[in-house]
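Trainee: Chains A and B supply the protein sequences, listed in that same order. Each number in the numbering used here comes from the position in the first sequence (counting from 1) with 39 added on. Each number in the numbering used here comes from the position in the second sequence (counting from 1) with 39 added on.
Protein chains: 2
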Amino acid sequence: MLGMYRLSTSRRPRADARRNYDRLLAEADAAFRERGVDASLESIARRAGVAIGTLYGHFPSRRVLVGALLRERNETLFELGDGLLAHQTPDALATWVRAATAHAATYSGLASLLASGLDDEASELHTSCLRMADIGERLIAWARESGIVRADATGADLTALTTAAAWLREHMSLEGADRLITLTLDGLAPARPTLAGTR
Amino acid sequence: MLGMYRLSTSRRPRADARRNYDRLLAEADAAFRERGVDASLESIARRAGVAIGTLYGHFPSRRVLVGALLRERNETLFELGDGLLAHQTPDALATWVRAATAHAATYSGLASLLASGLDDEASELHTSCLRMADIGERLIAWARESGIVRADATGADLTALTTAAAWLREHMSLEGADRLITLTLDGLAPARPTLAGTR
DNA sequence: ACCTGAACACCGTTCAAGT
DNA sequence: ACCTGAACACCGTTCAAGT
């Protein structure tokens with residue numbers, strides 16, 4: 040339900056307001072897919088058939104608009120993360136990194152927004168960034184204790200890899216991004232004992 | 040000599056033209072450092088004390104301006120690459136990747152420009168991108184034959200890593216970028232024999 | 001309660017007119 | 001040969017006026 044109107048204080052939003060909100064969201068999604076997250080807000084309002092002031096009335100900043108569009112997508116991502124944490128299959132880490140990367144590459148330019156959203160408390164994307172970082176943190180902690188990654192692997196490694204790979208998907212090929220993920224995950228593997236050692 | 044005037048057809052450029060060219064370059068460098076590669080051209084012209092038309096007269100596009108600023112920096116990078124290829128020390132690959140990354144992170148936003156410059160033949164950055172890719176290609180070929188990286192390691196892996204790490208430097212921490220380089224290089228190492236094996 | 005669109009500031013780019 | 005700056009198009013953002 041992409042166009043779900045967020046209930047504010049008032050119980051029933053005016054019918055035209057709701058329709059405008061939904062149309063703006065739909066057009067913004069289309070524009071962001073075509074032109075990236077910096078697409079012209081004025082063109083979005085035009086395509087939605089409303090005045091530019093209406094867009095600002097519903098979405099006071101570009102980040103609010105992006106945040107609204109990402110809400111559901113975030114939920115399903117978080118559910119995946121929780122599931123991975125619960126089941127702890129061997130490929131949980133790889134699955135998570137690839138899913139988070141795909142999410143961060145939803146729109147071109149989103150990776151930058153997420154990268155700054157992690158530090159910037161004022162950003163509307165901040166809490167979802169924290170949530171993503173937290174899932175990564177807990178996954179890597181589990182992986183560390185299970186001995187399937189190096190002892191010095193950190194949550195920051197995951198967010199760096201995730202955002203960087205998302206950027207790669209936008210600017211180079213999808214395969215290149217996936218390849219970087221593969222290589223980095225291999226680099227995260229613990230040094231294997233060379234001689235007799237444990238097996 | 041950052042401000043070296045490029046000799047065009049005419050032997051002696053007019054004195055004011057040369058001065059404007061140099062001042063524009065200097066102000067552009069400052070602006071790009073402060074605001075990234077998308078800094079306002081109008082403000083650059085203003086700060087250089089010339090009309091906007093003068094900027095366009097010397098630099099018909101933003102990419103030409105960036106290309107002019109990067110020329111010397113490119114030269115020293117290429118010389119480093121050639122040196123590494125000649126000497127073939129064990130850490131040649133790591134040295135190259137870090138140097139190329141630092142270069143691609145000269146200005147914020149440059150990584151994107153270089154990524155597109157590699158494919159776009161019309162870009163003024165295209166030849167230098169090709170040159171960088173070529174050095175990487177030859178370095179990784181040598182490393183492959185020396186057995187210090189996996190057999191499936193490719194030049195594309197290096198450019199992906201380089202540009203992605205440069206983007207990371209711009210958007211997250213310098214250490215995060217370096218860490219990704221370390222992990223990926225580790226991932227590029229050949230699978231070590233687990234039991235008896237060679238050596 | 002919400003919408004409209006003019007208003008302001010700023011920018012990229014071109015080009016006729018100057019020197 | 002080079003410089004100037006007006007001109008055009010486009011955009012982000014705000015806000016008084018409408019319904």
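Backbone N, C-alpha and C define an ideal beta-carbon position, used for all residues, glycine too. Values in this document were obtained by computation on a predicted structure and should not be read as measured data.
Could you give the distance in angstroms between the alpha-carbon of B/Arg86 and the alpha-carbon of B/Arg74?
Mentor: Numbered from its first residue, the second sequence carries residue 86 of chain B at position 47. Numbered from its first residue, the second sequence carries residue 74 of chain B at position 35. Distance between the alpha carbons of B/Arg86 and B/Arg74: 14 angstroms.
Trainee: Quick check on the DSSP output: what are the complete alpha helix (DSSP H) runs of length 4 or more inside the segment 80-145 of chain B, in order along the chain?
Mentor: The segment 80-145 of chain B contains these whole alpha helix (DSSP H) runs: 80-87, 91-97, 101-126 and 131-143.
Trainee: Give a yes or no on whether the minimum CB-CB distance between A/Thr237 and chain B is below 8 angstroms.
Mentor: Position 198 of the first sequence, counting from 1, holds the residue named residue 237 of chain A. With a pLDDT of 46 at A/Thr237, under the threshold of 50, the predicted position of this residue should be treated as unreliable, though the coordinate-derived value follows. False, the Cβ-Cβ gap to chain B never drops below 8 angstroms.
Trainee: Report the three-state DSSP secondary structure of B/Gly226 (helix, strand or coil).
Mentor: Locating residue 226 of chain B in the second sequence gives position 187, counting from the first residue. Helix, per DSSP.
Trainee: Report the three-state DSSP secondary structure of B/Met211 (helix, strand or coil).
Mentor: Within the second sequence, residue 211 of chain B is the residue found at index 172, counting from 1. B/Met211: coil per DSSP, three-state reduction.
Trainee: So with CB distances below 8 angstroms, who are the chain B contacts of A/Thr223?
Mentor: Walking along the first sequence from the start, residue 223 of chain A turns up at place 184. Leu219, Leu222, Thr223 and Gly226, listed in chain order.
Trainee: List the whole-angstrom C-beta distance separating A/Trp135 from A/Ile174, where the pair is believed to meet the contact cut-off of C-beta under 8 angstroms.
Mentor: By 1-based counting over the first sequence, the position of residue 135 of chain A is 96. By 1-based counting over the first sequence, the position of residue 174 of chain A is 135. Yes, they are in contact, since the Cβ atoms of A/Trp135 and A/Ile174 sit about 7 angstroms apart, within 8 angstroms.
Trainee: What is the DSSP secondary structure of A/Leu64, counted as helix, strand or coil?
Mentor: Numbered from 1 along the first sequence, position 25 holds the residue referred to as residue 64 of chain A. If DSSP states are grouped into helix, strand and coil, A/Leu64 belongs with the helices.
Trainee: Under 9 angstroms Cβ-Cβ, which residues of chain A neighbour B/Asp196?
Mentor: Taking the first residue of the second sequence as position 1, residue 196 of chain B is located at position 157. Correct list: Gly215, Arg218, Leu219 and Leu222.
Trainee: For A/Pro229, I'd like the list of residues in its chain whose CB is within less than 8 angstroms of its CB, leaving aside the five on either flank, ordered along the chain.
Mentor: The residue you call residue 229 of chain A lines up with position 190 of the first sequence. Correct list, in chain order: Gly186, Ile187, Val188, Arg189 and Ala190.
Trainee: To the nearest angstrom, report how far apart B/Asn113 and A/Trp181 are at their CA atoms.
Mentor: The count along the second sequence starts at 1 and reaches residue 113 of chain B at position 74. The count along the first sequence starts at 1 and reaches residue 181 of chain A at position 142. Each residue's Cα considered, the two are about 44 angstroms apart.
Trainee: Looking at the structure shown, is A/Leu164 part of a helix, part of a strand, or coil, going by DSSP?
Mentor: Reading the first sequence from its first residue, position 125 is the one you call residue 164 of chain A. If DSSP states are grouped into helix, strand and coil, A/Leu164 belongs with coil.
Trainee: Could you tell me whether any Cβ in chain A is nearer than 8 angstroms to the Cβ of B/Met211?
Mentor: In the second sequence, counting from the first residue as 1, residue 211 of chain B sits at position 172. It does: the Cβ of B/Met211 has a partner Cβ on chain A nearer than 8 angstroms.
Trainee: Between A/Leu116 and B/Thr221, what straight-line distance do the alpha-carbon atoms span, to the nearest angstrom?
Mentor: Counting from 1 along the first sequence, the entry for residue 116 of chain A is found at position 77. Counting from 1 along the second sequence, the entry for residue 221 of chain B is found at position 182. Straight-line Cα distance between these residues: approximately 28 angstroms.
Trainee: In whole angstroms, what separates the C-alpha of B/Arg51 from that of B/Arg57?
Mentor: Against the second sequence, residue 51 of chain B aligns to sequence position 12. Against the second sequence, residue 57 of chain B aligns to sequence position 18. Straight-line Cα distance between these residues: approximately 9 angstroms.
Trainee: Answer with yes or no whether the minimum CB distance from A/Ser155 to chain B is below 8 angstroms.
Mentor: Residue mapping note: residue 155 of chain A aligns to position 116 of the first sequence, counting from 1. It does: the Cβ of A/Ser155 has a partner Cβ on chain B nearer than 8 angstroms.
Trainee: With distances taken from CA atoms, which of A/His142, A/Thr198 and A/Ser155 is nearest A/Leu119?
Mentor: Numbered from 1 along the first sequence, position 80 holds the residue referred to as residue 119 of chain A. The shortest Cα separation from A/Leu119 among A/His142, A/Thr198 and A/Ser155 belongs to A/His142.
Trainee: Quick one: what does DSSP say A/Asn59 is sitting in, helix, strand or coil?
Mentor: Along the first sequence, read from residue 1 onward, the residue named residue 59 of chain A stands at position 20. Three-state result, A/Asn59: helix.
Trainee: Would you mind telling me which residues of chain B sit closer than 7 angstroms to A/Ser151, beta carbon to beta carbon, in chain order?
Mentor: Working through the first sequence from its first residue, we reach residue 151 of chain A at position 112. Result: His210.
Trainee: Which same chain residues end up closer than 8 angstroms to B/Ala125 when comparing Cβ atoms and leaving out the 5 residues on each side of it in sequence?
Mentor: Translated into positions along the second sequence, residue 125 of chain B becomes position 86. Once the five neighbours on either side are set aside, B/Ala125 has no close Cβ partner at all.
Trainee: Go ahead and label A/Arg110 buried or exposed: buried means 16 or more other beta carbons lie within 10 angstroms of its beta carbon, across all protein chains shown.
Mentor: If you number the first sequence from 1, residue 110 of chain A lands on position 71. Classification of A/Arg110: exposed, given that the 10 Å Cβ count is below 16.
Trainee: Return the chain-ordered list of same chain residues with a C-beta closer than 6 angstroms to the C-beta of B/Ala70, the five sequence neighbours on each side being excluded.
Mentor: Taking the first residue of the second sequence as 1, we reach residue 70 of chain B at position 31. The answer, listed in chain order, is Ala78 and Ile83.
Trainee: What's the gap between the Cα of A/Ala162 and the Cα of B/Arg208?
Mentor: For the purposes of this step, residue 162 of chain A is identified with residue 123 of the first sequence, where counting begins at 1. For the purposes of this step, residue 208 of chain B is identified with residue 169 of the second sequence, where counting begins at 1. Note that residue 162 of chain A is Ser in the sequence shown, not Ala. Their Cα atoms are separated by approximately 20 angstroms.
Trainee: In the structure shown, what three-state DSSP assignment does A/Gly175 receive?
Mentor: Position 136 of the first sequence holds residue 175 of chain A. If DSSP states are grouped into helix, strand and coil, A/Gly175 belongs with the helices.
Trainee: Starting from A/Ala78 and walking both ways along the alpha helix (DSSP H), at which residues does that stretch end?
Mentor: Residue numbering aside, residue 78 of chain A sits at position 39 when the first sequence is read from its first letter. First-last for A/Ala78: undefined, no H or E at that position.
Trainee: With a cut-off of 8 angstroms, does the C-beta of A/Leu178 fall near any C-beta of chain B?
Mentor: Here the question's residue 178 of chain A lines up with position 139 in the first sequence. A/Leu178 does not count as touching chain B.
Trainee: Going along the chain, which residues of its own chain have a beta-carbon closer than 8 angstroms to the beta-carbon of B/Thr198, five neighbours each way excluded?
Mentor: Residue numbering aside, residue 198 of chain B sits at position 159 when the second sequence is read from its first letter. Only Leu157, Met171, Ala172 and Gly175 meet the Cβ criterion.
Trainee: Run through chain B and tell me which residues come within less than 7 angstroms of A/Trp206, C-beta to C-beta.
Mentor: On the first sequence, residue 206 of chain A is found 167 positions in, with the first residue counted as 1. Simply Ala203 and Trp206.
Trainee: Does B/Ala54 pass the burial test, meaning 16 or more other C-beta atoms within 10 Å, or should it be called exposed?
Mentor: Taking the first residue of the second sequence as position 1, residue 54 of chain B is located at position 15. B/Ala54 should be labelled exposed.
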